[in-house]
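Below: the structure, in structure tokens.
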Amino acid sequence: MQHYSMNLKLKVWRQRNANDQGHFETYDVENVSSEMSFLEMIDVLNERLIAKGDEPIAFDHDCREGICGMCSMVIDGRPHGPWKGTTTCQLHMRAFKDGDLITVEPFRANAFPVIKDLMVSRTAFDRIIQAGGYISVNTGNAVDGNAIPIEKDKADASFAAAACIGCGACVAACKNASAMLFVSAKVSHLALLPQGEPERKQRVVNMIAQMDKEGFGSCTNTYACEAECPKEISVLNIARLNKEYLHSSLSAD
Amino acid sequence: MNWSQLFTSSIGKKLVMALTGFFLVVFLLVHCYINANVLFSNAEENFNRAAHFMGSNILIRIMEIGLFLGFILHIVQGYKLELQNRSSRKSRYAVTAGNKTSKWYSRSMALLGTLILLFLVLHLVHFWVPSRFGGLAEVEYDGKTYHNLYAQMQDIFSVPWVVVVYLLGCFSLSWHLLHGVQSAAQTLGITSKNYYQTIKNIGIVFSILVPLIFALMPLFVHFGWQINTGDISLLF
Amino acid sequence: MLDAKIPSGSLSEKWTKYKGSVKLVNPANKRKLEIIVVGTGLAGSSAAASLGEMGYKVKAFCFQDSPRRAHSIAAQGGINAAKNYQNDGDSTYRLFYDTIKGGDYRAREANVHRLAEVSTNIIDQCVAQGVPFAREYGGLLSNRSFGGTQVQRTFYAAGQTGQQLLIGAYQALERQVALGTVQMYARHEMVELVIIDGKARGIIARNLVTGELERHFGHAVLLCTGGYGNVFYLSTNAMGSNVTAAWKAHKKGAYFANPCFTQIHPTCIPVSGDHQSKLTLMSESLRNDGRIWVPAKKGDNRPPNEIPEEERDYYLERRYPAFGNLVPRDVASRAAKERCDAGFGVGTSKQAVYLDYAAAIQRYGKAEASKRNLGNVSPETITQLGKDVVKEKYGNLFDMYEKITGENPYEVPMRIYPAVHYTMGGLWVDYELKTTVDGLYALGEANFSDHGANRLGASALMQGLADGYFVIPYTLGNYLADEIRTNNIPTDHPAFVEAEKQASERINRLMSIKGKQTVESFHKRLGKIIWDKCGMARSADGLKQAIKEVQALKKEFWSDVRIPGGINEMNPELDKAGRVADFIELGELMCLDALERNESCGGHFREEYQTPDGEALRDDEKYMYVAAWEMKEDNWQLHKESLNYEIVKPSQRSYK
């Protein structure tokens, strides 16, 4: 792999706090190595901003290995940038070339208010989980792990849905700011397991009610969420969510 | 769980769209089948007889009311959803991914629907209004009097711009259906990969074939084309 | 001598006896008792959820935007449990023994045995919560083997075990939030501990969004704040992982134990340049099939594929013929460092060795060809078949490598280098997980207790959940049973006022320095000192030097750091500054501890103490103890807890 150095223009959303209007600011970033990650490129820019006496760009990030779901950003219109199945922290500057203008914005949705610059609040997701995204089992109540065999196919499908990192890219990518992919991943994860059975009907209804309350849009099946999901969660889960919801509603007492 | 949530929650609203959508799809199929008479030999008589049947059968008249309700529900709910969805992101992106992550027509259902609606209004004024409230010429077959809807069609489609508008209407319908059918399947929760794929494929064929047949009608009438099928009529 | 308050009786009955005789709190009283849990990783989430379920009033804090983001989520490999589902001879005792031996005989027997005992309950609990562990076709749980053991006892969920376990605990936590027993404070950082009459009674937390300092009362405080690997700047830890909460507790009287015991993981993607902000781990499983080598000639700059077989040095196979590429983590890491230091390193930085799959690809290719009865096939076909097999086994890891480096590991050998991964040291706790401050507990990686001088793979997840789900619910009751008469202390109590003043003065001081150097640059410099002198190999001279350098760095930091922005707003640079300031102080203590421990054991390798062929040389006579450090004014005092091995007989580890 040939490494190279590039000069870039970065158009970044700056917003002091939730009440601020916000605006774009353009920065020249020189000598960016193709080996850097996207966030390291912003680190470098931030170091230069601090040295100049300016305020660095605030952005969420933590594990930087694509699993915690904390990093966000919309890069040139794409949540987590141009690489498929990749979080912002794993995106590397090889994806860009010398002279590129890169536009960086926060995830935008009413349900994800901006905290500062590129940071948004995603606590709406936590509240959706609180509404039913769990199995009610107190510590110490469990039977032996092998007491209930689970079909491998189902366990695998459940795992595939549980791989969701709750980053919110689905919401950011959706033209309706819908959270259906996130909710469907959790509903699927738990509905596919026998342990999730007792609360199955209630769970889906309560989680959807909370989702609606948080102000997310509804799903119009454009599947931009699947295309942008860093964990490539399938929209099949959304169909399953719909089915669960329908089933739950029709069989309500 | 309140049963009404099934229609008021976000998924419920989608469900209304899907069910009414499928209902309208069935209507399209019937409409297309009957109107296809105009493409074949003996178009005038066959078509007028078919239209008469549709206009006089009591069962179909009752279903017509349902059809109007279906349309209204689909349209009203569609606009409500669109408004709500638009307002769930007050601050817009400066750059969007566009066609890189989704199909343009899947994002443009409201626009396509609006075009279809405009077309629909025109279409009703052209045909439905005169056939219900008078103004059509009459014609006699085997001693019975029929509305000459076919003559009305010839009259309307003699104007080139009207033909173009109808073609655009069919074009919008095609894209609308291309997303609509598989979207409705998704909303109805079809998770079996085989079913889903089958429905999706049928949807693709349907959304190309049906609007295509519709589009041929104004063209055939305008240019006086006809497929020679001898005495065989399509419906009656 | 420190007393760990280990219950009497035979090792295998201590925990049962303890549970049977421990004091209880009745349900009505539980509702009146408040508990603060700081950190929401495996230990914190599981503790907060379990205590909430029991009826206590819990307040949980995390600095991330959601409890689900804690760094436990990044653990890949799996979680050990002595289930013996594979019928391969596993037992509580085996797990206990392996952990003690793996820890190079510097862990506390009673704690480790309890860990092994509750390990099976953890799996049951997680399955019940809906953790989608890998399963066999028969629907039963699957196991795999891991380093340092001879049985298959590791439960896993692909390469995302930590994620799945944490989400299980997170969901249990959110359920309690919904039920109102737990109040969640995300984007909050503990900046001070409040002690009243010798007991931990609350914390001062900074709301990271508004910058406000908040006072929170609790009858007890639980620190579940993870490890301090980020003292090295570059590590596999998350960017935000920090020692601040533990350090505040340390400064207020909690002893810090074995700070020099840090684990260096051998298979990480090497540093690519100065811009590097963190390191990424490649699962240990890659060593099962890959061969590790460097060029036999110093400074050989040829591309790896052009270096002929006879000019390669497969140094692990050469040095450790019995275990070859599968020696334990600490041994593999040191050997890589030795080669690179000697000038045989590869890549642009020369701080890397090759992990080569060419041989494995050929081997698998041939096996596949014969399995399919392909007869005489071209070398290209064999290579292709081999690549397919490797892709199936390690595809996701190879993809990750390619994403980060831009190199195709199917064609070019991967470059790897050791990196800081886990810290065995932490706050000293007794058998009940209580620190030396009454009412203050430490759970998970934040405490020191279970892994001795080296942690075995798949044991960190086990310990975090054991502490949170199955230990603290019992041991905390023993303390709180005597607290039922303590009413909630209003937060205008002088101790709260004073603690908040301390925190705010420190923040003001940091902000008023207005120097020239960025926080990041100090952190990098600190990391370099610690990595070079208190990393994989340590020496008395180096450590003494390092202590001086860290002290100088501390002075420089407090006189020249530049922090932009304000106090009463979201200010990530200020957050970072507070953490780095604590890391600097910890760095000094780590060096001090390493200097004091005149032996080599586990992850602690003192160059002066090695066998003639370069292996770690323990000194059980003099150093069979836990070094617990108490902070005095500007210095530290050493307290010892002697380790008495009743069951296991310590011996020298050998992998030749």
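Protein chains in written order, with the numbering used here: chain A, 1089 to 1341; chain B, 137 to 372; chain C, 2 to 657. Idealized CB from N, CA, C, for every residue including glycine. What you are looking at is a predicted structure, and each value in this text was computed from that prediction instead of being measured.
Hey, out of C:Cys-261, C:Asp-468, C:Gly-346 and C:Tyr-321, whose CA is closest to C:Asn-599's CA? The residue you call residue 599 of chain C lines up with position 598 of the third sequence. Residue C:Cys-261 is the option with its Cα nearest to C:Asn-599.
For chain A, find out if any of its Cβ atoms is closer than 7 Å to the Cβ of B:Thr-323; answer yes or no. Along the second sequence, one-based indexing puts residue 323 of chain B at 187. True, the Cβ-Cβ gap to chain A drops below 7 Å.
Just to check my reading of the structure: C:Val-59 and C:Ala-482 have Cβ atoms closer than 8 Å, yes? What is that Cβ distance to the nearest angstrom? Here residue 59 of chain C corresponds to residue number 58 of the third sequence, with the count starting at 1. Here residue 482 of chain C corresponds to residue number 481 of the third sequence, with the count starting at 1. About 17 Å separates the two Cβ atoms, so there is no contact after all.
Measure the beta-carbon distance from C:Gly-40 to C:Ala-258 and round it to whole angstroms, keeping in mind my assumption that it falls under 8 Å. Indexing the third sequence from 1 puts residue 40 of chain C at position 39. Indexing the third sequence from 1 puts residue 258 of chain C at position 257. Incorrect: roughly 18 Å between the Cβ atoms, too far for contact.
How would you label B:Ser-242, buried or exposed, when you count the other beta carbons within 10 angstroms and need 16 or more for buried? Position 106 of the second sequence, counted from the first residue, corresponds to residue 242 of chain B. Looking at its Cβ environment, which holds 16 or more other Cβ atoms inside 10 Å, B:Ser-242 is buried.
Measure the C-alpha to C-alpha separation of C:Tyr-1 and C:Glu-35 and round it to an integer number of angstroms. With chain C covering 2 to 657 only, the question about residue 1 of chain C has no answer from this structure.
Helix, strand or coil at A:Leu-1098 [DSSP, three-state]: Within the first sequence, residue 1098 of chain A is the residue found at index 10, counting from 1. Note: A:Leu-1098 maps to strand in three-state DSSP.
Put B:Ser-319 into one of helix, strand or coil per three-state DSSP. As a first step, residue 319 of chain B must be located in the second sequence, where it is residue number 183. Reduced to three states, the DSSP call for B:Ser-319 is helix.
Can you tell me the Cα-Cα spacing of C:His-251 and A:Arg-1291, whole angstroms? One-based indexing of the third sequence puts residue 251 of chain C at position 250. One-based indexing of the first sequence puts residue 1291 of chain A at position 203. The straight-line gap from Cα to Cα measures roughly 44 Å.
Hey, could you find the ends of the beta strand (DSSP E) C:Glu-634 is sitting in? In the third sequence, counting from the first residue as 1, residue 634 of chain C sits at position 633. Neither: C:Glu-634 is in no beta strand (DSSP E) and is coded neither H nor E.
I'd like to know if C:Tyr-138 contacts chain A, where contact means its C-beta is closer than 7 Å to some C-beta of that chain. For the purposes of this step, residue 138 of chain C is taken as residue 137 along the third sequence, with counting starting at 1. It does; some Cβ of chain A falls within 7 Å.
At which residues does the beta strand (DSSP E) containing C:Gly-38 begin and terminate? Looking up residue 38 of chain C in the third sequence gives position 37. Strictly speaking, residue 38 of chain C in this sequence is Val, with Gly absent from that position. For C:Val-38, the enclosing beta strand (DSSP E) starts and ends at 35–39.
Assuming A:Leu-1098 and A:Met-1161 make a contact with CB atoms under 8 Å, what is their CB distance in whole Å? Counted from its first residue, the first sequence places residue 1098 of chain A at position 10. Counted from its first residue, the first sequence places residue 1161 of chain A at position 73. In fact, because the Cβ distance is near 11 Å, the residues do not count as touching under 8 Å.
Whose C-alpha, out of B:Gly-148, B:Arg-185 and B:Ala-321, is nearest the C-alpha of B:Glu-274? Indexing the second sequence from 1 puts residue 274 of chain B at position 138. Looking at the Cα atoms, B:Arg-185 is the closest of the given residues.
Closest Cβ-Cβ distance between C:Ser-67 and chain A: below 7 Å? Here the question's residue 67 of chain C lines up with position 66 in the third sequence. Closer than 7 Å to some Cβ of chain A, the Cβ of C:Ser-67 qualifies, so yes.
Look at the alpha carbon of C:Phe-382 and the alpha carbon of C:Asn-397, and state the distance between them as a whole number of angstroms. Taking the third sequence and counting its residues from 1, one reaches residue 382 of chain C at position 381. Taking the third sequence and counting its residues from 1, one reaches residue 397 of chain C at position 396. The sequence as given places Thr at residue 382 of chain C; Phe does not occur at that position. So the alpha carbons of these two residues sit roughly 23 Å apart.
In chain order, what are the residue ranges of uninterrupted beta strand (DSSP E) at least 3 long that sit wholly in the segment 1164–1197 of chain A? Complete beta strand (DSSP E) runs here, min 3: 1189–1193.
Return the Cβ separation of C:Arg-416 and C:Gly-348 in integer angstroms, given the expectation that the two are a contact with Cβ distance under 8 Å. As a first step, residue 416 of chain C must be located in the third sequence, where it is residue number 415. As a first step, residue 348 of chain C must be located in the third sequence, where it is residue number 347. Their Cβ separation, rounded to whole angstroms, is 5 Å, which keeps C:Arg-416 and C:Gly-348 in contact under 8 Å.
Would you verify that the beta carbon of A:Ala-1243 is, or is not, closer than 7 Å to some beta carbon of chain C? Translated into the one-based positions of the first sequence, residue 1243 of chain A becomes position 155. For A:Ala-1243, the answer is yes, since a Cβ of chain C falls inside 7 Å of its Cβ.
For C:Ala-353 and C:Ala-538, I'd like the C-alpha separation in whole angstroms. The sequence position of residue 353 of chain C within the third sequence is 352, counting from 1. The sequence position of residue 538 of chain C within the third sequence is 537, counting from 1. If I take the Cα positions, the gap works out to 17 Å.
Comparing the C-beta of A:Tyr-1311 with each C-beta of chain B, is any distance below 7 Å? Indexing the first sequence from 1 puts residue 1311 of chain A at position 223. Judged by the 7 Å Cβ criterion, A:Tyr-1311 is in contact with chain B.
Within the segment 416–441 of chain C, note down every full beta strand (DSSP E) run reaching 3 residues or more, in order along the chain. Counting only runs of at least 3 residues, the segment 416–441 of chain C fully encloses no beta strand (DSSP E) element at all.
Please list, in chain order, all residues of the same chain as C:Ala-5 whose beta carbon is under 7 Å from its beta carbon, the five residues on each side excluded. In the third sequence, counting from the first residue as 1, residue 5 of chain C sits at position 4. Contacts found: Arg-109, Asp-431, Tyr-432 and Glu-642.
Taking 7 Å as the CB-CB limit, is A:Phe-1247 close to chain C? Locating residue 1247 of chain A in the first sequence gives position 159, counting from the first residue. Chain C contact via Cβ: present.
Do C:Val-232 and C:Gly-579 have their beta-carbon atoms positioned less than 7 Å apart in this structure? By 1-based counting over the third sequence, the position of residue 579 of chain C is 578. By 1-based counting over the third sequence, the position of residue 232 of chain C is 231. Contact flag unset, no.
State yes or no: is the beta carbon of A:Gly-1233 nearer than 7 Å to at least one beta carbon in chain C? Working through the first sequence from its first residue, we reach residue 1233 of chain A at position 145. At a cut-off of 7 Å between beta-carbon atoms, A:Gly-1233 makes contact with chain C.
In terms of residue numbering, what span does the beta strand (DSSP E) encompassing C:Ile-197 cover? Position 196 of the third sequence holds residue 197 of chain C. Counting along the chain, the beta strand (DSSP E) containing C:Ile-197 begins and ends at 189–197.
Cβ of C:Leu-141 within 7 Å of Cβ of A:Asn-1234? Along the third sequence, one-based indexing puts residue 141 of chain C at 140. Along the first sequence, one-based indexing puts residue 1234 of chain A at 146. Yes, the Cβ-Cβ distance between C:Leu-141 and A:Asn-1234 is below 7 Å.
Please classify B:Phe-372: does DSSP put it in a helix, a strand, or coil? Translated into the one-based positions of the second sequence, residue 372 of chain B becomes position 236. Bear in mind that a pLDDT of 48 at B:Phe-372, under 50, signals an unreliable position, so the model cannot answer this.
Quick check: is the beta carbon of A:Asp-1164 nearer than 7 Å to any beta carbon in chain B? Locating residue 1164 of chain A in the first sequence gives position 76, counting from the first residue. So, interface residue.
Let me see if you follow: with CB-CB separation under 7 Å, is C:His-266 close to chain A or not? Counting from one through the third sequence, the residue named residue 266 of chain C turns up at place 265. No, its Cβ sits nowhere closer than 7 Å to a Cβ of chain A.
Nearest-angstrom Cα separation, counted from C:Arg-154 out to C:Gly-103: On the third sequence, position 102 is the one that residue 103 of chain C refers to. On the third sequence, position 153 is the one that residue 154 of chain C refers to. Cα to Cα, the separation comes out at about 15 Å.
At least one CB of chain A closer than 7 Å to the CB of B:Leu-254: is that the case? Locating residue 254 of chain B in the second sequence gives position 118, counting from the first residue. With 7 Å as the cut-off, B:Leu-254 does not count as an interface residue toward chain A.
Find the residues of chain C that neighbour A:Asp-1131, judging by a C-beta separation of less than 8 Å, and give them in chain order. Residue numbering aside, residue 1131 of chain A sits at position 43 when the first sequence is read from its first letter. Ordered by position in chain C, the residues that pass the 8 Å Cβ test against A:Asp-1131 are His-276, Ser-278 and Glu-521.
Comparing the C-beta of C:Tyr-470 with each C-beta of chain A, is any distance below 7 Å? On the third sequence, position 469 is the one that residue 470 of chain C refers to. Against chain A, the CB of C:Tyr-470 has a partner CB under 7 Å away; the residue lies at that interface.
Out of C:Gln-130, C:Ser-47, C:Arg-188 and C:Ile-196, state which residue places its alpha-carbon closest to the alpha-carbon of C:Gly-440. The residue given as residue 440 of chain C occupies position 439 in the third sequence. Residue C:Ile-196 is the option with its Cα nearest to C:Gly-440.
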